[in-house]
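Heads up, the sequence shown is in our numbering, so the first residue is 63 and it goes up one at a time. Backbone N, C-alpha and C define an ideal beta-carbon position, used for all residues, glycine too. Structure first, commentary second.
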Amino acid sequence: MTRYFTQKLSIDEIADKLVSSLKRKEDFQDWFCDNYDLETMPSDLKEYPLKDVCCTYLTCDIQQFSSRVEKDLSKVAFGSENVYADPKNYGGGSDALLGFQTTSTGLSYLGVLAGNDSDTDLFLILYHDGAEVRAYIPKDGNTWNTDINASYGFSEYDHPNYTLPSGISAYDPRMNELSAASDVANIKKRQIKKDELGRPIIDWVAINNDIERHILYKPSK
């Protein structure tokens with residue numbers, strides 16, 4: 063389904079939008095003061111570029127935005143034990159889309175990887191559509207099982223957004239086997255490449271193309 067954004071924001075502007083949209087601003091202020099060893103939150107943050115702050119703080123709790131973001135993220139079941147957006151902390155290559163990025167169509171966003179220890183990280187973005195913060199989980203090139211709407215290796219079968227096989231309950235003893243078989247079949251069907259350890263590899267070019275194809279610029283009148 064096609065989405066639209068109505069403003070072409072700079073990296074600094076999207077960072078400001080994300081911070082301004084936090085539901086628990088007092089938590090951010092506490093974290094900021096602790097992280098920078100300050101007594102109180104400074105009124106002028108020019109010494110602390112928000113784009114750098116965001117890469118650290120916003121990934122401490124990905125579920126801290128509006129119910130709209132929660133709904134966007136609910137389309138795929140995935141874990142959030144490990145959430146990070148700082149490109150410096152990622153060893154997956156220079157072409158990764160972590161951190162703040164701007165597409166050729168003018169969409170600025172924060173790229174994030176999320177997953178549990180037991181499953182494969184998937185990639186998502188946080189952006190502003192001109193009215194509110196949204197989240198989007200690309201399909202093309204991303205490492206999640208498109209047949210059961212869950213990240214590869216995801217084992218929380220009672221998750222409300224996990225698509226169970228027909229006639230199977232979340233507590234069926236066969237779930238581990240069925241889930242693993244589904245992952246193998248989905249990876250093969252989608253022709254997802256694997257690394258030397260057999261783990262699915264994200265295709266960053268395909269992900270970028272997916273974002274540009276599904277989130278289009280439509281200036282407000």
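Nonlocal neighbours in the same chain, by C-beta distance under 6 Å from residue i, ignoring five residues either side
| i | result |
| --- | --- |
| Lys255 | Ile263 |
Collapsed DSSP secondary structure at residue i in the structure displayed
| i | result |
| --- | --- |
| Phe216 | coil |
| Thr182 | coil |
| Leu240 | helix |
| Arg252 | helix |
| Asn207 | strand |
| Ile264 | coil |
| Ile73 | helix |
| Ile230 | coil |
With 16 other Cβ atoms within 10 Å as the buried cut-off, status of residue i
| i | result |
| --- | --- |
| Gly141 | buried |
| Ala147 | buried |
| Pro281 | exposed |
| Tyr224 | buried |
| Ile230 | exposed |
| Leu112 | buried |
| Leu259 | exposed |
| Tyr34 | The displayed coordinates of the chain run from 63 to 283. Any statement about residue 34 would go beyond what the structure contains. |
| Ser82 | exposed |
| Val145 | buried |
| Asn97 | exposed |
First through last residue of the beta strand (DSSP E) which encompasses residue i
| i | result |
| --- | --- |
| Val195 | Val195 to Tyr198 |
| Ile277 | Ile277 to Tyr279 |
| Gly177 | Ser170 to Gly177 |
| Tyr224 | No beta strand (DSSP E) contains Tyr224, which DSSP labels as neither H nor E. |
Residue-level contact to chain D via CB, residue i, 8 Å cutoff
| i | result |
| --- | --- |
| Ile210 | Among the protein chains of the structure shown there is no chain D, as only one such chain exists. |
Own chain residues within Cβ distance below 8 Å of residue i, not counting five before or after
| i | result |
| --- | --- |
| Leu278 | Thr64, Arg65, Tyr66, Phe67 and Thr167 |
| Ile269 | Leu159, Phe185, Pro200, Asp202, Gly203 and Asn204 |
| Leu71 | Lys79, Ser170 and His190 |
| Asn211 | Lys137, Val138, Ala139, Asn223, Tyr224 and Thr225 |
Host alpha helix (DSSP H) of residue i (start-end)
| i | result |
| --- | --- |
| Phe162 | Careful: Phe162 lies outside any alpha helix (DSSP H), inside the beta strand (DSSP E) at Gly161 to Thr164. |
Contacts around residue i, its chain only, beta-carbon distance under 7 Å, and the 5 residues preceding and following it disregarded
| i | result |
| --- | --- |
| Gly173 | Ala147, Leu159, Leu160, Gly161, Gln163, Phe185 and Ile187 |
| Asp257 | Ile263 |
| Lys283 | none |
| Ser215 | One point to set straight first is that residue 215 is Gly, not Ser, in the sequence displayed. If we look at Gly215 and ignore the five residues flanking it on each side, its Cβ neighbours are Ser180, Asp181, Thr182 and Asp245. |
* Would you mind listing the beta strand (DSSP E) stretches within the region 80 to 152 that are 3+ residues and don't spill past its ends, in chain order? => Listed in chain order, the complete beta strand (DSSP E) runs (minimum 3 residues) inside the region 80 to 152 are 144 to 146.
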